[in-house]
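Trainee: Let me give you the structure first, and then I'll get to my questions.
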Amino acid sequence: MILTFFWIFGVIAMGSALLCITRKNPVASALWLVVTLFALAAMFVLLDAQFLAVLQVLVYAGAIMVLFLFVIMLLNLGRPGPSDIKGPVGLLIAVVLAGALLLQLRPLSDAKLPEAVRLPPGTVAALQQQQGMVGSVAGPLFEAYLVPFEIASVLLLAAIVGAVVLAKRKL
Amino acid sequence: MLLSPALAISAVLFTLGVAGVLFRRNAIVIFMCVELMLNAVNLTFVALAQELGVGGQVFVFFVMAVAAAEAAVGLAIILAVYRHKHSVSLQNMNLLKDG
Numbered sequence: 000m001i002l003t004f005f006w007i008f009g010v011i012a013m014g015s016a017l018l019c020i021t022r023k024n025p026v027a028s029a030l031w032l033v034v035t036l037f038a039l040a041a042m043f044v045l046l047d048a049q050f051l052a053v054l055q056v057l058v059y060a061g062a063i064m065v066l067f068l069f070v071i072m073l074l075n076l077g078r079p080g081p082s083d084i085k086g087p088v089g090l091l092i093a094v095v096l097a098g099a100l101l102l103q104l105r106p107l108s109d110a111k112l113p114e115a116v117r118l119p120p121g122t123v124a125a126l127q128q129q130q131g132m133v134g135s136v137a138g139p140l141f142e143a144y145l146v147p148f149e150i151a152s153v154l155l156l157a158a159i160v161g162a163v164v165l166a167k168r169k170l
Numbered sequence: 000m001l002l003s004p005a006l007a008i009s010a011v012l013f014t015l016g017v018a019g020v021l022f023r024r025n026a027i028v029i030f031m032c033v034e035l036m037l038n039a040v041n042l043t044f045v046a047l048a049q050e051l052g053v054g055g056q057v058f059v060f061f062v063m064a065v066a067a068a069e070a071a072v073g074l075a076i077i078l079a080v081y082r083h084k085h086s087v088s089l090q091n092m093n094l095l096k097d098g
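In structure tokens form, the structure reads like this:
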């Protein structure tokens, strides 16, 4: 049952990703990408990552994609114009390269994890029952990964300052 | 149980992102394709977190933080380039090309 739902959302994600990269209009591309992100959020729920699914909807579909749409509207790129998709040669090269990449990535899904590193099934779900959805992720975030967390805050500050410097005409 | 389909779907999504970067010329669409690749990697992290422990989910946080920073800076760069060139097509950005 879960597997069926997982494949349904997976097919939705893959189909809308394909539509996202082939639509001529950037606004249509952005909206299809939002569909992909929502399907991915549903897949996160099925993979026992409910909190990340909420974040995916709030941060990705909510904030980042709104930023993209805002810039598309600001630059007035939504109007019909010449297609930005490359000609037949460029398209052929892109498809061949992407196909080669897929041939290399696809066998990874058949690989088996060694039993020594693998947790017994249901360990993560049990941990979430015990500590709560947020707590089970917040624990390692503020203990084992505290230094990367602080560095991420510096990165975000640098991004904010950089965005202001780049986007402002005159400081 | 869901690991193998998740990795397969993630591989397809990543490939679609790469294909989009390769055959589009609009800088904003290429940027969205990069986001698609980041999301494919997130799916891999979450799928493996189910088998290997919750640390993988923490990494998705960092990927999201970096993606947010990247989107803010990248879109500011696109705005600055648009102000200069009046276009977001990568065809017109050939300053380093010979001639």
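Chains A and B, in that order, give the protein sequences.
The numbers in numbering that gives the first Met the number 0 rise by one with no breaks, and the one at position 164 of the first sequence is 163.
The numbers in numbering that gives the first Met the number 0 rise by one with no breaks, and the one at position 62 of the second sequence is 61.
In this text, a Cβ means the ideal position worked out from N, Cα and C, and glycines have one as well.
Keep in mind it's a predicted model, so treat the numbers as computed, not measured.
#1: Does the count of Cβ pairs from the stretch 146 to 159 of chain A and the stretch 11 to 19 of chain A closer than 8 Å reach three?
#2: When the Cα atoms are used, what is the spatial distance from residue 88 of chain B to residue 51 of chain A?
#3: Using 8 Å as the threshold, is the C-beta distance between residue 47 of chain A and residue 143 of chain A below it?
#4: Do you know how far the Cα of residue 37 of chain B is from the Cα of residue 138 of chain A?
#5: Is it the case that the CB of residue 32 of chain A approaches a heavy atom of the ligand NAD more closely than 7 Å?
#6: Return yes when the Cβ of residue 5 of chain B is within less than 8 Å of the Cβ of residue 105 of chain A, no when it is not.
#7: So what's residue 24 of chain A in DSSP terms, helix, strand or just coil?
#8: Taking a contact to mean a Cβ-Cβ separation below 8 Å, would you say residue 21 of chain B touches residue 99 of chain A in this structure?
#9: Any beta-carbon of chain A closer than 8 Å to the one on residue 94 of chain B?
#10: Find the residues of chain A that neighbour residue 33 of chain B, judging by a C-beta separation of less than 8 Å, and give them in chain order.
#11: At a Cβ threshold of 8 Å, is residue 40 of chain B touching chain A?
#12: Just the Cα atoms here: how many angstroms apart are residue 96 of chain A and residue 87 of chain A?
#13: Please identify, using Cβ separations under 8 Å, the residues of the stretch 65 to 97 of chain A that lie next to chain B, in order along the chain.
#14: Do residue 55 of chain A and residue 30 of chain A count as a contact pair if the criterion is CB distance below 8 Å?
#15: How many Å lie between residue 84 of chain A and residue 157 of chain A at the Cα?
Mentor: By the coordinates alone:
#1: no
#2: Here residue 88 of chain B is taken as the residue at index 89 of the second sequence, counted from 1. Here residue 51 of chain A is taken as the residue at index 52 of the first sequence, counted from 1. For residue 88 of chain B and residue 51 of chain A, the distance between alpha carbons rounds to 34 Å.
#3: Reading the first sequence from its first residue, position 48 is the one you call residue 47 of chain A. Reading the first sequence from its first residue, position 144 is the one you call residue 143 of chain A. Cβ atoms of residue 47 of chain A and residue 143 of chain A: not closer than 8 Å.
#4: Position 139 of the first sequence holds residue 138 of chain A. Position 38 of the second sequence holds residue 37 of chain B. Spanning the two alpha carbons is a distance of roughly 24 Å.
#5: In the structure on display, the ligand NAD does not appear, and there are no ligands present to speak of.
#6: Along the first sequence, read from residue 1 onward, the residue named residue 105 of chain A stands at position 106. Along the second sequence, read from residue 1 onward, the residue named residue 5 of chain B stands at position 6. No, these two residues do not count as a Cβ contact at 8 Å.
#7: The residue labelled residue 24 of chain A in the question sits at position 25 within the first sequence. In the displayed model, residue 24 of chain A falls within coil according to three-state DSSP, outside both helix and strand.
#8: Locating residue 21 of chain B in the second sequence gives position 22, counting from the first residue. Locating residue 99 of chain A in the first sequence gives position 100, counting from the first residue. No. Outside cutoff.
#9: Residue mapping note: residue 94 of chain B aligns to position 95 of the second sequence, counting from 1. With 8 Å as the cut-off, residue 94 of chain B does not count as an interface residue toward chain A.
#10: As a position in the second sequence, residue 33 of chain B is number 34, starting the count at 1. Per Cβ cutoff of 8 Å: no residues; residue 33 of chain B is ~11 Å from chain A at best.
#11: As a first step, residue 40 of chain B must be located in the second sequence, where it is residue number 41. Interface annotation, residue 40 of chain B: not in contact with chain A, CB-CB separation never under 8 Å.
#12: Here residue 96 of chain A refers to the residue found at position 97 when the first sequence is read from its first residue. Here residue 87 of chain A refers to the residue found at position 88 when the first sequence is read from its first residue. Answer to the nearest angstrom: the Cα atoms are 14 Å apart.
#13: Residues passing the 8 Å Cβ filter: 66, 67, 70, 71, 73, 74, 76, 83, 84, 85, 89, 90, 92, 93, 94, 96 and 97.
#14: Sequence index remark: in the first sequence, residue 30 of chain A carries index 31 (1-based). Sequence index remark: in the first sequence, residue 55 of chain A carries index 56 (1-based). Taking 8 Å as the Cβ cut-off, residue 30 of chain A and residue 55 of chain A do not qualify as a contacting pair.
#15: Locating residue 84 of chain A in the first sequence gives position 85, counting from the first residue. Locating residue 157 of chain A in the first sequence gives position 158, counting from the first residue. Going from the Cα of residue 84 of chain A to the Cα of residue 157 of chain A covers about 34 Å.
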